[in-house]
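Report on one structure; see the data block that follows.
Numbering (my numbering), first residue to last: 47 to 732.
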């Protein structure tokens with residue numbers, strides 16, 4: 047069919063794996079440690095600037111009543127905008143309502159097996175949980191874990207995307223996903239490092255040893271190196287850089303509203319000392335705090351800060367809050383920490399949730415503000431950009447209304463946009479994007495299979511394009527280019543493919559075609575991997591990206607192991623399918639479907655490959671069950687089978703006639719004596 051397959055090494059080299067979306071601050075953390083006597087504020091050259099091709103300042107505004115409820119009937123004549131104290135004419139006024147789509151499957155131990163870029167076509171919320179391990183006491187690690195887990199379990203919606211990272215760049219980290227199980231697992235790895243030398247150089251109370259090689263010069267006029275102060279300053283600068291780096295990452299998202307949720311105790315460093323002879327870090331830290339706060343505002347990112355120390359208000363939410371020995375909420379250090387959280391949050395229209403243990407209240411406000419808000423636009427009161435910072439104030443005349451919006455922007459010249467005519471450049475940019483592109487609807491699933499002395503990952507990509515049919519020949523062009531990049535848990539390239547696929551005539555000519563399916567192979571070592579797939583239609587210019595986290599098992603380790611599950615239906619075989627690897631074509635047992643919601647007139651066809659470590663004369667036990675997610679068996683079949691080879695296929699067909707609407711779990715298992723392997727599939731019937 048005219049497929050061309052090329053190594054993707056050029057793409058990986060050009061990307062340089064800049065760790066977007068995962069380890070947002072890892073390199074900066076190492077740099078801060080190697081130069082612990084940081085005494086510079088965030089440089090002006092790194093200052094984020096306001097840019098607009100139409101020179102319109104857009105401000106997202108949250109308006110609530112005295113009870114904290116969103117006001118949804120605000121009129122334009124009730125709103126005024128001031129820049130540097132002068133009233134401005136409002137050019138646009140739009141109420142934004144982001145859909146709230148609830149999960150159609152219960153939270154379980156199983157990971158989501160199909161990734162898609164279509165669940166946010168109508169919008170969704172985008173969050174990065176930035177966990178400040180550098181300013182969280184180790185004894186509060188469990189509290190921070192529980193705070194994030196509470197949000198995921200109770201407040202995350204199906205059309206949301208969340209990433210998790212830390213200010214130190216150390217684990218945990220999680221790419222943008224809506225897979226609740228992966229987010230919960232990432233949160234459970236968090237460990238606070240406040241009061242410790244997190245790079246492994248000993249505790250902050252130990253003033254000798256290995257740290258001498260990295261020590262800063264003695265403070266002028268003092269002649270004594272205060273290691274604890276130097277470490278505290280380095281951690282403070284690292285927090286501010288992590289905030290700015292995260293905001294810069296999120297600014298590329300095409301969503302109007304995006305949020306950083308900073309969870310940590312805040313910056314206790316005393317920045318009030320103006321005598322640089324006594325403390326060379328105080329003034330730069332204070333200026334850096336203000337610059338980081340402005341950066342989030344100017345990049346259109348809202349920051350919310352949550353203090354895990356909680357407050358005296360006891361509440362039964364499953365989150366344990368404890369007061370440490372010698373700690374006082376009224377101490378100067380505690381006050382400075384709360385002040386730093388408020389400074390970071392309020393400049394961009396967010397809030398700091400401090401001195402309270404009612405974390406659900408904070409999350410409800412965050413979700414509400416990112417679901418219902420107003421988008422207000424006005425033209426700057428000058429003819430040309432001046433590259434200066436300008437204050438913004440939004441006022442609402444309705445009695446009792448409370449307004450939150452960013453407080454400033456920098457009016458700069460719009461950047462020159464260069465068209466990406468080069469396919470390589472286009473694909474590079476697509477794979478760099480931390481969030482999915484939705485020009486082409488894509489679905490992605492994988493299943494691990496045993497190859498010759500290695501694990502093969504069967505990757506299936508669906509390009510769904512039915513909406514293009516009949517639109518003035520706006521059909522897919524002759525060539526669809528797919529780029530696939532897999533990185534390991536250290537963000538190093540593990541595998542890559544580049545496919546230039548000739549579209550089949552039956553797809554182009556079919557008036558009822560729903561898309562095309564491409565199945566390919568990646569050789570990956572056992573462990574965690576993150577897949578990024580970019581699709582580019584060279585004729586129409588349409589693009590799409592999708593990302594997926596996978597766990598690659600070792601399929602030769604145990605006496606009995608199973609491949610990933612192949613899921614098909616009696617309708618899925620009609621979709622045009624391309625399998626670029628010739629030897630791989632013969633081993634694809636059935637055309638898979640990306641669907642996980644089925645009708646009662648359909649029939650599920652599921653199969654796994656069963657692998658034995660060594661030959662056996664014992665019968666192999668095989669069983670398949672379907673149960674309701676809330677309990678109760680619906681379907682079961684089992685058998686004993688004698689096998690003559692180390693590999694065999696186990697396939698079952700399950701008619702869904704008579705199934706009531708709801709969520710179900712299909713389990714396939716194979717066993718020899720006490721050795722049992724199983725795979726699970728979560729699906730729904732409508």
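Glycine is no exception: its CB is placed at the ideal position from the N, C-alpha and C atoms.
| Asked | Found |
| --- | --- |
| For residue 342, tell me which candidate among 564, 693, 396 and 114 has the shortest Cα-Cα distance. | 396 |
| Cutting at 8 angstroms between CB atoms, please list the residues of its own chain near residue 345, excluding the five before and the five after it. | 94, 293, 294, 296 and 297 |
| According to DSSP, simplified to helix, strand and coil, what is residue 663? | coil |
| Which residue or residues does DSSP assign as beta-bridge partners of residue 223? | 208 |
| If contact is defined by three or more beta carbon pairs under 8 angstroms, each pair taking one atom from either stretch, is the stretch 208 to 216 in contact with the stretch 170 to 177? | yes |
| Are residue 104 and residue 423 close, meaning C-beta to C-beta below 8 angstroms? | yes |
| Compute the Euclidean distance between the alpha carbons of residue 692 and residue 662, then round it to the nearest angstrom. | 9 angstroms |
| Taking 8 angstroms as the limit between beta carbons, can you name the residues of its chain near residue 359, skipping five residues before and five after? | 402, 403 and 404 |
| Output the distance between the C-alpha atoms of residue 331 and residue 390, rounded to the nearest integer angstrom. | 13 angstroms |
| With the cut-off set at 8 angstroms, would you say residue 334 and residue 286 are in Cβ contact? | yes |
| I'd like to know whether the C-beta atoms of residue 609 and residue 500 end up nearer to each other than 8 angstroms. | no |
| Just list the residues that DSSP pairs residue 543 with in beta bridges. | 530 |
| For residue 525, which residues does DSSP report across the bridge? | 548 |
| Considering just the uninterrupted stretch of the beta strand (DSSP E) at residue 504, what are its terminal residues? | 501 to 510 |
| At the level of alpha carbons, what is the spacing between residue 266 and residue 324? | With a pLDDT of 42 at residue 266, under the threshold of 50, the predicted position of this residue should be treated as unreliable, though the coordinate-derived value follows. Going from the Cα of residue 266 to the Cα of residue 324 covers about 8 angstroms. |
| For residue 230, collect the residues of the same chain with a Cβ closer than 7 angstroms to its Cβ; drop the 5 residues on either side in sequence, then sort them by chain order. | 195 and 198 |
| Taking the alpha-carbon positions, what's the residue 368 to residue 235 distance? | 20 angstroms |
| Less than 6 angstroms between C-beta atoms, sequence neighbours within five positions excluded: which residues of the same chain meet that for residue 730? | 150, 643 and 709 |
| Which residue comes first and which comes last in the alpha helix (DSSP H) that contains residue 22? | With the chain covering 47 to 732 only, the question about residue 22 has no answer from this structure. |
| Helix, strand or coil: which one does DSSP assign to residue 593? | strand |
| For residue 305 and residue 649, I'd like the C-alpha separation in whole angstroms. | 42 angstroms |
| Tell me the DSSP secondary structure of residue 82 in three-state form. | Here residue 82 scores only 30 on pLDDT, less than 50, and its place in the model is too uncertain to base an answer on. |
| Measure the alpha-carbon distance for residue 226 versus residue 237 and round it to whole angstroms. | 20 angstroms |
| Please determine, among 481, 420, 277 and 716, the residue with the shortest C-alpha to C-alpha distance to residue 605. | 716 |
| What are the start and end residues of the beta strand (DSSP E) that includes residue 135? | Where residue 135 is concerned, there is no enclosing beta strand (DSSP E), given that its DSSP letter is neither H nor E. |
| Could you give the distance in angstroms between the alpha-carbon of residue 385 and the alpha-carbon of residue 193? | 21 angstroms |
| Please list, in chain order, all residues of the same chain as residue 370 whose beta carbon is under 7 angstroms from its beta carbon, the five residues on each side excluded. | 183 and 185 |
| I believe residue 476 touches residue 509 by the beta-carbon criterion, under 8 angstroms. Please report the beta-carbon distance rounded to the nearest angstrom. | At roughly 14 angstroms, the Cβ-Cβ gap does not stay under 8 angstroms, so residue 476 and residue 509 are not in contact. |
| Just to check my reading of the structure: residue 532 and residue 568 have Cβ atoms closer than 8 angstroms, yes? What is that Cβ distance to the nearest angstrom? | 6 angstroms |
| Is the number of C-beta pairs between the stretch 682 to 699 and the stretch 665 to 673 that are closer than 8 angstroms three or more? | yes |
| Sorted by chain position, which residues of the same chain lie with C-beta nearer than 6 angstroms to residue 339's C-beta, five sequence neighbours on each side aside? | 389, 390 and 393 |
| Between residue 108 and the rest of its own chain, which residues show a CB-CB distance below 6 angstroms, the 5 nearest in sequence each way excluded? | 415, 419 and 450 |
| Mind checking who residue 289 pairs with in its DSSP beta bridge? | BP columns for residue 289 are empty, so no partner. |
| Measuring CA to CA, which of 301, 703 and 379 is closest to residue 482? | 301 |
| Between the alpha carbons of residue 711 and residue 701, how many angstroms are there, rounded? | 15 angstroms |
| If you draw a straight line from the alpha carbon of residue 376 to that of residue 316, how long is it in whole angstroms? | 15 angstroms |
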